[in-house]
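Counting from 1, one number per residue, gives the positions in the sequence shown under our numbering.
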Amino acid sequence: MKNVFYVETKLGKIKIVENGTAITHMYFGSNEPEEIQGLETPLLAEAAKQLNEYLAGKRKNFDLPLAPEGTAFQKAVWNALQKIPYGETCSYGEVAKNIERP
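Encoded structure:
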């Protein structure tokens, strides 16, 4: 079963989804009604806390179990994005080159 939690951030509302053991999805903005909001599990509460710390500049790395769901290509992109150091940027072209899909 998946649990859903919405967190207000300085970037707007972010939807965080977990499968009971790991974070599976994060979405920016959501048009879903609030009644879809599920149980705030300890994992979702910790994810919301770490996300807000990161956005406030108080955290540079996340310490959360992740189990992203997507295509092989999406997972390769997400893996490459996780390797970009805090405070640095990377273009789409650089990410494509890093995953050998330019």
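Virtual Cβ for every residue (Gly too), placed ideally from N, Cα, C.
Quantities reported herein were computed from a predicted structural model and do not represent experimental measurements.
Asked: On the three-pair Cβ rule with 8 Å, is the segment 14-23 touching the segment 36-56?; Found: yes
Asked: Nearest-angstrom Cα distance between F5 and N19?; Found: 12 Å
Asked: What number of angstroms, rounded off, separates the C-alpha of S91 from the C-alpha of V77?; Found: 12 Å
Asked: At what residues does the alpha helix (DSSP H) containing E94 begin and finish?; Found: 92-98
Asked: If you run the structure through DSSP and keep just helix, strand and coil, what is K13?; Found: strand
Asked: Between A80 and the rest of its own chain, which residues show a CB-CB distance below 7 Å, the 5 nearest in sequence each way excluded?; Found: V95, N98, I99
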